[in-house]
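Protein chains in written order, with the UniProt record's numbering: chain B, 1 to 357; chain L, 1 to 357; chain Y, 1 to 357; chain W, 1 to 357.
Here a beta-carbon is modelled for each residue, glycine too, at the ideal position from N, C-alpha and C.
Following: one structure in structure tokens, then a few remarks.
Protein chains: 4
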Amino acid sequence: MAAQDTKLSFRNDYSEGAHPRLLQALAQIGNEQNAGYGLDRHSELAAGMIRTQIACAGADVHFLVGGTQTNLVAMAAFLRPHEAVIAADSGHIATHETGAIEATGHKVLTVPTPDGKLTPALVQGVLDAHSTEHMVRPRLVYVSNTTEVGTVYSKAELTALRALCQQHGLYLYLDGARIAAALAVAGNDLSLADVAALTDAFYLGGTKNGALLGEALVIVHDALKSDVRFIIKQRGAMLAKGAVIGAQFQALFRDGLFFDLATHADAQARRLREALVAAGIAFAFDSPSNQLFPILPTSVVEQLEDKYEFHRWQPHGQGYQVIRLVTSWATSETAVEAFCKDLAVLLAPASATQETH
Amino acid sequence: MAAQDTKLSFRNDYSEGAHPRLLQALAQIGNEQNAGYGLDRHSELAAGMIRTQIACAGADVHFLVGGTQTNLVAMAAFLRPHEAVIAADSGHIATHETGAIEATGHKVLTVPTPDGKLTPALVQGVLDAHSTEHMVRPRLVYVSNTTEVGTVYSKAELTALRALCQQHGLYLYLDGARIAAALAVAGNDLSLADVAALTDAFYLGGTKNGALLGEALVIVHDALKSDVRFIIKQRGAMLAKGAVIGAQFQALFRDGLFFDLATHADAQARRLREALVAAGIAFAFDSPSNQLFPILPTSVVEQLEDKYEFHRWQPHGQGYQVIRLVTSWATSETAVEAFCKDLAVLLAPASATQETH
Amino acid sequence: MAAQDTKLSFRNDYSEGAHPRLLQALAQIGNEQNAGYGLDRHSELAAGMIRTQIACAGADVHFLVGGTQTNLVAMAAFLRPHEAVIAADSGHIATHETGAIEATGHKVLTVPTPDGKLTPALVQGVLDAHSTEHMVRPRLVYVSNTTEVGTVYSKAELTALRALCQQHGLYLYLDGARIAAALAVAGNDLSLADVAALTDAFYLGGTKNGALLGEALVIVHDALKSDVRFIIKQRGAMLAKGAVIGAQFQALFRDGLFFDLATHADAQARRLREALVAAGIAFAFDSPSNQLFPILPTSVVEQLEDKYEFHRWQPHGQGYQVIRLVTSWATSETAVEAFCKDLAVLLAPASATQETH
Amino acid sequence: MAAQDTKLSFRNDYSEGAHPRLLQALAQIGNEQNAGYGLDRHSELAAGMIRTQIACAGADVHFLVGGTQTNLVAMAAFLRPHEAVIAADSGHIATHETGAIEATGHKVLTVPTPDGKLTPALVQGVLDAHSTEHMVRPRLVYVSNTTEVGTVYSKAELTALRALCQQHGLYLYLDGARIAAALAVAGNDLSLADVAALTDAFYLGGTKNGALLGEALVIVHDALKSDVRFIIKQRGAMLAKGAVIGAQFQALFRDGLFFDLATHADAQARRLREALVAAGIAFAFDSPSNQLFPILPTSVVEQLEDKYEFHRWQPHGQGYQVIRLVTSWATSETAVEAFCKDLAVLLAPASATQETH
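In structure tokens form, the structure reads like this:
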């Protein structure tokens, strides 16, 4: 399955290398000598910048390589063997991590949702079904923001989940692989400080927001902090040259770059969305962030694939296909314009044809 | 435990960032769009270069982030639940991976060795002690080259282990975190092609030889190849931007850089060793590579620590200490000269004092 | 939660100790000396009787203690780490084993079903959703017969599942905790020989069919046979005095006792069912075996609970409750008659009341 | 490997079925209806009898099937993923459980000992070698009493271990598969109440002391008590008919049977030992309990094997063999006499031959 690198890609937000300011940060550590395993000054400074940004001086910050790794380290560290995670059935840990959580011994209890978001009622349903020692004990609620279908949580929604979790002794964990894209959405009312106040742990995604690699696991709840570095090492997740991630996060949290990159990605998606809406295209999910799920005629999809890369998400009835378009910090306006233009051309006759029937 | 970054460090070979040619390779992918998860052209080209170098066209090559991660992915992929690994009791998987192999469910059976190296007799002893289903079944022999105490395997030694393994249906796996340093040792008679011919799987270490991060897992034995990408993903070891490692290995295997960097590291160690020998210092291990284990008076060690960083390895009787000195691709001749000079000054009075007794 | 042992219990089919002929078999081994760990002559003879019964001379037979243990040993032995099980969402391994399968590292993929039974279409749906190395690989289909809601598979249904499994390289595994009850159902067209011919592995339940404890894991597919005793030992499932189970299975398969006990249990359930039907009661599941799921007015349920023990299965709308009634090899006709009589009395006014509306 | 059931066996203490009083107890529950999963009145009464015997009203008691199962349930319940067990390298969990502890994810750190017993100094050595997050964290000390080589701990020895454990935050766990045999040794100064006072958890072995099956896990330390029933269920260790074990432990702790059976076993071993000593035979271990390890000429061993069953433990130089002789609650005086007599005959010419050299 060779990569078709010559097409313009809307396949994901991790196709491009890294933002120039991050590459520059890496070049600067090239000749330094740094302490290993995340104990270097870059990691320490970056952790401090994150603590300031989330307004939580007591948080523990660990820099890890990728999202699946971060999720599995967290679950392995936070849960006893019989304790389980509750997630939407579209949750990344449930569907796209090759059973990484189960490989640490924990069950993922899933709930169908229309929009990828958990609600207190959905979580309560899982709790109601688990009452004895013949079943796993639900202990941690996993949410993603943005979700895997591009939707976002409002502050009220996250607050309501938090209240239910506290009532039942559940931890609330937020997968922030695309948290920058979530917070940059127009109309979003959540801040990173809110996230820190409302969850017990979460992570800030770097890989999908301009870094070569790197996620920052933030642990707020004191009970979850102990011995996490042991678990990181045990799971093969402790980077020898930790400064590689630390230096990138320093760059991301200097002068708001973390947010600027996501704002750019969301803006490009908005332009795509407006063009699609204008062309009368419907969407499988109402996603305001940098992932779009338009429903297109299969013939149009096939023609688009000659010039562009993107995921075919799922079939949608006879002759239609949901595709996923993702924009990133590196998506150029030129690329968006080209796509919109090509799409318009392709749709014009298609609709014309449809109209004649 | 803040890093003392201002001292000259002989603490390890992963203190420095990356060789300029690797940083340049990373900068070049900065603006490219690449396929994710190791399916990019850089990873494919680098894998091809490695296959050529090891003279094994059929080998599978997977790029992973670090050594512990590579070891645990390999054991999880290669072994059934009741199968165990045999290792020297100084082996990295036995001592310095926080039980990563056990966390995948497998026992590590250890054997004491004087020099960190397994022999057929030592392996046979473990086999003899494991005969029934009430015990784990030894299935894979783990060796490191260089070993954790800087020693190296000769071609004859590895060939003898290989013969025993074939006789008993054992896999032979070589941890090559420092394989470049092993092959660059003066008098070494092993080539990468030999390693590929004599083992079932091994890895080529990048982190300790000039890369920001990255190890190349090479699988030679067909029976071990299937579904390894599933295991990589499941263990959180699949890098979204796989080109980050692929591009670095392209640079390492272009024009022999991989070997040149190790030759430099070994040469600096040789100079250190010669200076120590000249000063009458004994060593805990007879290591010809880039790790040295001199036995020094504790008072000298303390004074050296004012200006240099290194590991205190273990106490050595009353008033003496084994330390570990490690050189790297980035160790400057100036640093080595400075250390030798300071050491000479410190030892002069020390020996004088000793001589008066 | 103290046991209310003085009420008549329809709670389950493992309330009573063991059939007299099994107790007698245990008494007989009381003074014998037997080889340990299942290598005794009783276990060997019992295994032979089972091989004869299932008409499969090459099958491996392992005697284990309980159902959850048998399931987890089988999954640990049969699957590689990234391979997953497909089960009905009511499957015992999915709901009532406290995550035992996940604790061995494997994901259980569940499918909603109306009647607890998997179909080729349901399995195909799971296969369609799992296509890449970012997801687990479905490898084994788990069915229960009887199912957890008392339904049974026909020979045609099992044959169809088998065909799909063979087409896609899936193993078919049958949880036979209540297989005797399934085969004893009036109209059943499956034999134990059919089960052996259509599945790759299955187990014959003793605990719920007259034994103090004990299940017989039967492995038909050669690829699944190797080293299973290692896995049994590793999971703490190897009984030191294996003859304890072997002797009971000898007794169960002598003169058809295994089938006679289930026939008795099913017959008692049929009498209960007929009484319930006659009283106009509906059922949550159409179960022909020894588990019944009538929908009763909550007030009736409460009154029944004064004299009888049974599970409240789930609420059923306002004022109604599904309960589970289970009969066993030891259920007396007297007990069934008493229950029917009490029920008739309780329902009489209730239906009267209903009729007035 | 068919069992040679016709020879007299000194192979182990679990060859015979069960003591008549236990078989009678099982027959009595044959027609009762009991609550499942260990919540029956027999288990509750037996737990109460044990609490009285150990003088620890607050202890939790769980009835499990076998020793490996009990050990793995305890380790899975008590330890976080990076926490390790310290054991003698002859410890059952280290050698004869097919990696059961590692299969729960935990490393077993082993120490060579001359007599199977841990000491504070040996434990301290392991602690000294484990200082950072790159290594597992030793958290629980595992001792067996009797040990696997038949030796026993004195009260002073256990008290000293306890003190070290408390000093370093280690749990002390005692594997009591043969604890009755340990306490019945002449001169023993430990009581079950002492064991409860000095350890955090331990188990009382039934299988090797007259039961068909069954071990009683006793948890003394409050921090270890929570949710253990979940772990028991998850590991397939929750017996549906828990009364099967409960009723046997009722019988064992009624009128001191538990101790009487072990006293008988130890007495038979003492007679064997005296005969061996009188014949000038040396022992590999100085074991005062029901396991003996005499060093015999291989020719004698071979002749004994015609009439008796026992383990060949290990070779002992040229022409000699250590064998293991085990007596049990069921070993008859006749059997011991027969063995002694045969041995005397065999040794007579053998010593004669030796003397001529």
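(message) List, in chain order, every chain L residue whose beta-carbon is nearer than 7 Å to that of Glu133 (chain Y).
(response) Neighbours of Glu133 (chain Y) on chain L, chain order: Arg229, Phe230 and Lys233.
(request) Locate the alpha helix (DSSP H) running through Glu44 (chain L), then write down its first and last residues. (result) Per DSSP, the continuous alpha helix (DSSP H) segment holding Glu44 (chain L) begins and ends at Arg41 to Ile54.
(message) Does His92 (chain L) come out as helix, strand or coil in the three-state DSSP assignment?
(response) In the three-state scheme derived from DSSP, where H, G and I count as helix and E and B as strand, His92 (chain L) is classed as helix.
(request) Using 10 angstroms around the beta-carbon of Asn31 (chain W), count the other beta-carbons present and answer buried if the total reaches 16, otherwise exposed. (result) Its Cβ having fewer than 16 others within 10 Å, Asn31 (chain W) is exposed.
(request) Identify every residue that forms a DSSP beta bridge with Tyr14 (chain Y). (result) Looking at the DSSP output, Tyr14 (chain Y) sits in no beta bridge, so it has no partner there.
(request) Count the other C-beta atoms from every protein chain shown that fall within 10 angstroms of the C-beta of Gln318 (chain B), then say buried if there are 16 or more, exposed otherwise. (result) Gln318 (chain B) is exposed by the Cβ-count criterion.
(message) Which residues in chain W have a C-beta closer than 9 Å to the C-beta of Ala84 (chain L)? List them in chain order.
(response) Those are Gly99 and Glu102, listed as they occur along chain W.
(message) Which residues of the stretch 111 to 134 of chain W have a Cβ closer than 7 Å to any Cβ of chain L? Give them in chain order.
(response) Those residues of the stretch 111 to 134 of chain W that come within reach of chain L (Cβ to Cβ, closer than 7 Å) are Glu133 and His134.
(message) What would DSSP say about Phe230 (chain Y), mapped onto helix, strand or coil?
(response) Phe230 (chain Y) falls in the helix class under three-state DSSP.
(request) Output the distance between the C-alpha atoms of Ala330 (chain Y) and Gly206 (chain Y), rounded to the nearest integer angstrom. (result) When rounded, the distance between both Cα atoms is 14 Å.
(message) Taking 8 Å as the threshold (beta carbon to beta carbon), is Pro81 (chain Y) in contact with chain L?
(response) Closer than 8 Å to some Cβ of chain L, the Cβ of Pro81 (chain Y) qualifies, so yes.
(request) Check each residue of the stretch 244 to 258 of chain L: if its Cβ is closer than 7 Å to any Cβ of chain B, include it; give the result in chain order. (result) Answer set for the stretch 244 to 258 of chain L: Val244.
(message) Counting only beta-carbon separations shorter than 8 Å, does Arg271 (chain Y) have a partner in chain L?
(response) With 8 Å as the cut-off, Arg271 (chain Y) does not count as an interface residue toward chain L.
(message) Against Lys107 (chain B), what residues of chain Y qualify as contacts under a CB-to-CB distance less than 7 Å, listed in chain order?
(response) Under the 7 Å cutoff, chain Y gives Gly99 and Glu102.
(message) Quick check on DSSP: helix, strand or coil for His168 (chain L)?
(response) Per DSSP, reduced to three states, the secondary structure at His168 (chain L) is helical.
(message) Tell me the DSSP secondary structure of Val123 (chain Y) in three-state form.
(response) Looking at Val123 (chain Y) - three-state DSSP - the assignment turns out to be helix.
(request) Go to Glu215 (chain W), then tell me how far its beta strand (DSSP E) extends in each direction, as first and last residue. (result) Glu215 to Ile219 is the extent of the beta strand (DSSP E) around Glu215 (chain W).
(request) Indicate the three-state DSSP secondary structure (helix, strand or coil) for Glu333 (chain W) in the structure shown. (result) Helix.
(request) Enumerate in chain order the residues of its own chain whose CB-to-CB distance from Gly17 (chain B) is below 8 Å, with the five nearest sequence positions on each side excluded. (result) Taken in chain order, the residues that qualify are Leu23 and Leu212.
(message) Using a Cβ-Cβ distance cut-off of 8 Å, determine whether Ala76 (chain L) contacts chain Y.
(response) Yes - at least one Cβ of chain Y is within 8 Å of the one on Ala76 (chain L).
(request) Taking Val136 (chain L) as the query, report the chain W residues whose CB atoms sit under 7 Å from its CB, ordered along the chain. (result) Neighbours of Val136 (chain L) on chain W, chain order: Thr98 and Gly99.
(message) At the 8 Å Cβ level, is Ala27 (chain W) part of the contact set with chain Y, yes or no?
(response) Closer than 8 Å: yes.
(message) Going by DSSP, what residue range makes up the beta strand (DSSP E) through Gly205 (chain W)?
(response) That run of the beta strand (DSSP E) goes Ala201 to Gly205.
(message) Which complete beta strand (DSSP E) runs does the stretch 262 to 309 of chain B hold, if anything under 3 residues is left out?
(response) For the stretch 262 to 309 of chain B, whole beta strand (DSSP E) runs of length 3 or above, ordered along the chain, are 295 to 297.
(request) Name the residue from B:Thr113, B:Ser144, B:Ala269 and B:Asp189 whose alpha carbon lies nearest to the alpha carbon of Thr68 (chain B). (result) It is B:Ser144.
(request) Report all residues from its chain with a CB closer than 6 Å to the CB of residue 358 (chain L); omit the five preceding and five following residues, and keep chain order. (result) Examination of residue 358 (chain L) is not possible in this model, given that chain L is present from 1 through 357 alone.
(message) Please identify the residue among L:Gln314, L:Tyr153, L:Lys341 and L:Ala335 whose C-alpha is closest to the C-alpha of Ser131 (chain W).
(response) Closest option to Ser131 (chain W), Cα to Cα, is L:Gln314.
(request) With a 10 Å radius around its C-beta and 16 neighbouring C-beta atoms as the bar for buried, classify Asp60 (chain B) as buried or exposed. (result) Burial of Asp60 (chain B) is indicated by the presence of at least 16 other C-beta atoms within 10 angstroms of its C-beta.
(request) Tell me where the alpha helix (DSSP H) around Leu325 (chain W) begins and ends. (result) Where Leu325 (chain W) is concerned, there is no enclosing alpha helix (DSSP H), although the beta strand (DSSP E) it sits in stretches over Tyr320 to Val326.
(message) Check whether the stretch 147 to 155 of chain B and the stretch 119 to 128 of chain B are in contact - that is, three or more C-beta pairs closer than 8 Å.
(response) With the cut-off at 8 Å, the stretch 147 to 155 of chain B and the stretch 119 to 128 of chain B do not touch.
(message) Could you check whether Ala193 (chain Y) and Ala262 (chain Y) sit closer than 8 Å to each other, using their CB atoms as the reference points?
(response) Not in contact: Ala262 (chain Y) and Ala193 (chain Y) (Cβ atoms no closer than 8 Å).
(request) For Glu302 (chain W), count neighbouring Cβ atoms within 10 angstroms of its own Cβ and tell me buried if that reaches 16, exposed if not. (result) In the assembly as shown, Glu302 (chain W) is an exposed residue. Its beta-carbon has fewer than 16 other beta-carbons within 10 Å.
(request) Let me know the secondary structure DSSP gives Leu224 (chain W) once reduced to three states. (result) It is helical.
(message) Within a Cβ cutoff of 6 Å, which residues of the same chain sit near Glu83 (chain B), ignoring the five residues on either side of it in sequence?
(response) For Glu83 (chain B), where only same-chain residues beyond five positions count, the Cβ hits under 6 Å are Arg137 and Arg139.
(request) Mind checking the stretch 137 to 157 of chain B against chain Y and listing, in chain order, the residues whose C-beta falls within less than 9 Å of any C-beta there? (result) Listed by position along the chain: Arg137.
(request) Rounded to whole angstroms, what's the CA-CA distance from Gln354 (chain Y) to Leu252 (chain Y)? Just pull it up for me. (result) In this prediction, Gln354 (chain Y) scores a pLDDT of 48, lower than 50, which makes its location untrustworthy; the coordinate-derived value is nonetheless stated afterwards. Distance between the alpha carbons of Gln354 (chain Y) and Leu252 (chain Y): 47 Å.
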